[in-house]
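Quick notes on the structure that follows.
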């Protein structure tokens, strides 16, 4: 199978011979894993900055902080191939700042000019509080244009472009754009916590590619499936109250549905809302047994046991080793029914080995989802019968290569200082 759905872009007049135990067969196309486009916006938290960067297209040292994202989707939401892109999105109380770097593998084939869909260009789409959509296009020579294709009037488009600062430069294989947008023109108050619908698209002329922040399955300015910038949101795990789930104590383990509050696994590891289909979980207790169930919607499930490659889920919770030392247990289960304890969070190998045989795990795969279920002995985990237990759930879904958390920690699932709690009674 081709694990990257877009790895092969041309297959005209080619054949594939597949050998089997009873001979073989000839295929006219390559078997590909199913690809399911997301049906929600792609969220991103803008990084807060104290000092505004200079908007000159030059990217001076230490002017833009490390980290960022990329223009990694095509219009159909499949991955962009070819030369890399990088994007940094910053904000202070009054302005939005964007930096993009577009690399050319073959600079001599790159076209520099001011014609969209022919020359190198960058398009920024923004939706204001009144739901007016603005489309701005910038080019390598510093030209910036404001269009009405998204629905803005001529007057609105002209008013916005007059307040946006844009800079661009071309150096060797990289062409760079920098933007400064006053948030007030979009109806956003200073320091207001909000979500700003947007999109960013670069046109790369050497291979005729549109690289987008969020593939929209249509026009780049159709923001229903576009990007969503989180402005003035706290960093993952820094919310005022830790999520807490009260764990029901049952005398008999139900054969069907479990009681208690369902956990919604609907955050990315960064703590932003998930763009893809969320998962769900439940936790109950029966005597010394802590039972955890996670349900993962998926139609194509891998039945193997390699973390970060195959379908799996992890239960992370704080406890103590047999020697009484504090430990973070990371217990992973896979769709093939395998479970393993991980040492990633620092659990000693000998303690993991001692706990491995005391954990029971099973997995059930259906046409629409797969479910993992753990039975964890509280005494062996070093967890008391009552009180709060730092806890988190994480999922890797291979179908859309999506990492999904109950609580996004701005790090690994087992970063329990930024996660939630179970309340045992």
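Numbering (this note's numbering), first residue to last: 7 to 431. Note that the Cβ used here is the ideal one computed from N, Cα and C, for glycine as well.
Practice item. Reducing DSSP to helix, strand and coil, say where residue 243 ends up. Key: Here the question's residue 243 lines up with position 237 in the chain shown. Unreliable placement is indicated for residue 243, whose pLDDT of 43 sits below 50; no coordinate value is reported for it.
CA nearest to the CA of residue 352, picked from 365, 373, 367 and 327: Walking along the chain shown from the start, residue 352 turns up at place 346. Considering only alpha carbons, the answer is 327.
Mind listing, in chain order, the continuous beta strand (DSSP E) runs of no fewer than 3 residues lying wholly within the stretch 194-251?
-> Counting whole runs of 3 or more residues, the stretch 194-251 contains the beta strand (DSSP E) stretches 200-210, 215-218 and 233-237.
Q) Beta carbon of residue 206, beta carbon of residue 130: below 7 Å? A) Counted from its first residue, the chain shown places residue 206 at position 200. Counted from its first residue, the chain shown places residue 130 at position 124. Yes, these two residues count as a Cβ contact at 7 Å.
query = In terms of alpha-carbon separation, which member of 380, 213, 139 and 47 lies closest to residue 191?
reply = Start at 1 with the first residue of the chain shown, and residue 191 comes out as number 185. Comparing alpha carbon positions, the residue from 380, 213, 139 and 47 closest to residue 191 is 139.
### C-alpha distance - residue 137 paired with residue 170, whole-angstrom precision
Locating residue 137 in the chain shown gives position 131, counting from the first residue. Locating residue 170 in the chain shown gives position 164, counting from the first residue. Going by the C-alpha atoms only, they are around 19 Å apart.
Margin query: Check this for me: beta carbons of residue 449 and residue 103, under 7 Å apart or not?
Written below: This structure leaves residue 449 out entirely; the chain is present only between 7 and 431.
Taking the beta carbon of residue 88 as the centre, do at least 16 other beta carbons fall within 10 Å, making it buried, or is it exposed? The count along the chain shown starts at 1 and reaches residue 88 at position 82. So residue 88 counts as exposed.
Requested in this report: Check the DSSP bridge columns for residue 53 and list the partner residues they point to.
Outcome: To locate residue 53, count along the chain shown from 1; it is residue 47. Answer by DSSP bridge pairing, in chain order: 96.
Here's a check: name, in chain order, each residue in its chain whose Cβ is nearer than 6 Å to the Cβ of residue 151, leaving out the five neighbours to either side.
By one-based count along the chain shown, residue 151 stands at place 145. So the qualifying residues of the chain are 143.
Quiz item: Which runs of the beta strand (DSSP E), 3 residues or longer, sit entirely within the stretch 333-399?
Solution: As far as the stretch 333-399 is concerned, its whole beta strand (DSSP E) runs of at least 3 residues are 345-348, 366-371 and 375-383.
*For residue 167, does the three-state DSSP call read helix, strand or coil?*
On the chain shown, position 161 is the one that residue 167 refers to. Three-state DSSP puts residue 167 in a helix.
_Considering only heavy atoms of the ligand MG, does any lie closer than 6 Å to the CB of residue 271?_
Ligands are entirely absent from the displayed structure, and the ligand MG is therefore not among its contents.
- Neighbour-count burial assignment, residue 156, 16 or more Cβ in a 10 Å radius: In the chain shown, the residue the question calls residue 156 occupies position 150. Label assigned to residue 156: buried.
| said: Less than 6 Å between C-beta atoms, sequence neighbours within five positions excluded: which residues of the same chain meet that for residue 298? | reply: Sequence index remark: in the chain shown, residue 298 carries index 292 (1-based). Excluding sequence positions up to five before and after residue 298, its CB lies within less than 6 Å of the CB of 289, 321 and 380, all in the same chain and listed in chain order.
Roughly how many angstroms lie between the CA atoms of residue 198 and residue 77, to the nearest whole one? For the purposes of this step, residue 198 is taken as residue 192 along the chain shown, with counting starting at 1. For the purposes of this step, residue 77 is taken as residue 71 along the chain shown, with counting starting at 1. Taking the straight line joining both Cα atoms gives about 26 Å.
- Item | Same chain only: Cβ atoms within 8 Å of residue 180, ignoring 5 sequence neighbours per side | Locating residue 180 in the chain shown gives position 174, counting from the first residue. Once the five neighbours on either side are set aside, the close Cβ partners of residue 180 are 107, 108, 109 and 110.
Does the separation of the CB atoms of residue 383 and residue 232 fall below 7 Å? Your numbering for residue 383 matches position 377 in the chain shown. Your numbering for residue 232 matches position 226 in the chain shown. Not closer than 7 Å, so no.
Quiz item: Nearest CA to the CA of residue 97: which residue from 362, 355, 188 and 173?
Solution: Position 91 of the chain shown, counted from the start, is the residue given in the question as residue 97. Of the listed residues, the one whose Cα sits closest to residue 97 is 188.
Next on the checklist: As a quick exercise: from 132, 293 and 134, pick the residue whose alpha carbon is nearest that of residue 430.
Outcome noted: By 1-based counting over the chain shown, the position of residue 430 is 424. For residue 430, the nearest C-alpha among the options comes from 293.
| query | If we count the other Cβ atoms within 10 Å of its Cβ and call it buried at 16 or more, is residue 73 buried or exposed? | reply | Residue mapping note: residue 73 aligns to position 67 of the chain shown, counting from 1. Residue 73 is exposed by the Cβ-count criterion.
Quick one: grab the DSSP three-state call for residue 158.
Translated into positions along the chain shown, residue 158 becomes position 152. In this structure, residue 158 counts as coil in the three-state DSSP scheme.
Query - Same chain only: Cβ atoms within 6 Å of residue 80, ignoring 5 sequence neighbours per side - result: Along the chain shown, one-based indexing puts residue 80 at 74. Excluding sequence neighbours, residue 80 sits near 86 and 221.
Check: Should residue 315 be labelled buried (16 or more other beta-carbon atoms within 10 Å of its own) or exposed?
Finding: On the chain shown, position 309 is the one that residue 315 refers to. Flag for residue 315 reads exposed.
Review point. In terms of residue numbering, what span does the beta strand (DSSP E) encompassing residue 133 cover?
Key: Counting from 1 along the chain shown, the entry for residue 133 is found at position 127. First-last of the beta strand (DSSP E) with residue 133: 127-133.
Of the residues 100, 423 and 184, the one placed nearest residue 92, counting alpha carbons only
In the chain shown, residue 92 corresponds to position 86, counting from 1. Of 100, 423 and 184, the smallest CA-CA separation from residue 92 is found for 184.
Quiz item: For residue 200 versus residue 237, is the C-beta distance shorter than 7 Å?
Solution: If you number the chain shown from 1, residue 200 lands on position 194. If you number the chain shown from 1, residue 237 lands on position 231. Going by C-beta atoms, residue 200 is nearer than 7 Å to residue 237.
key: Simplified DSSP state of residue 177, which is helix, strand or coil   = Mapped onto the chain shown, residue 177 falls at position 171. It is a strand residue.
If you follow the beta strand (DSSP E) that residue 427 is in, where does it begin and where does it stop?
As a working mapping, residue 427 is identified with position 421 in the chain shown. Secondary structure note for residue 427: its beta strand (DSSP E) is the uninterrupted segment 426-430.
Taking the beta strand (DSSP E) that residue 313 falls in, what are its first and last residues?
Start at 1 with the first residue of the chain shown, and residue 313 comes out as number 307. For residue 313, no beta strand (DSSP E) encloses it, and the DSSP letter there is neither H nor E.
**Message:** Between the alpha carbons of residue 118 and residue 56, how many angstroms are there, rounded?
**Reply:** The residue you call residue 118 lines up with position 112 of the chain shown. The residue you call residue 56 lines up with position 50 of the chain shown. Answer to the nearest angstrom: the Cα atoms are 34 Å apart.
**Study point:** Short Cβ contact (7 Å threshold) for residue 154 with residue 163
**Key:** The residue given as residue 154 occupies position 148 in the chain shown. The residue given as residue 163 occupies position 157 in the chain shown. Cβ distance < 7 Å, so residue 154 and residue 163 count as in contact.
- State the Cα-Cα distance for the pair residue 50 and residue 64, rounded to the nearest angstrom. As a position in the chain shown, residue 50 is number 44, starting the count at 1. As a position in the chain shown, residue 64 is number 58, starting the count at 1. One C-alpha to the other measures close to 24 Å.
Looking only at its chain, what residues have a beta carbon closer than 7 Å to the beta carbon of residue 393, apart from the 5 residues adjacent to it on each side? As a first step, residue 393 must be located in the chain shown, where it is residue number 387. Short of 7 Å from the beta carbon of residue 393, and not among the five residues preceding or following it, lie these beta carbons of its own chain, in chain order: 430.
- Excluding the 5 residues preceding and the 5 following residue 420 in the sequence, name in chain order all residues of the same chain whose CB lies nearer than 6 Å to its CB. As a working note, residue 420 is residue 414 in the chain shown. Only 322, 334, 336 and 351 meet the Cβ criterion.
(message) The beta strand (DSSP E) that contains residue 144, what's its start and end?
(response) Numbered from its first residue, the chain shown carries residue 144 at position 138. Counting along the chain, the beta strand (DSSP E) containing residue 144 begins and ends at 139-145.
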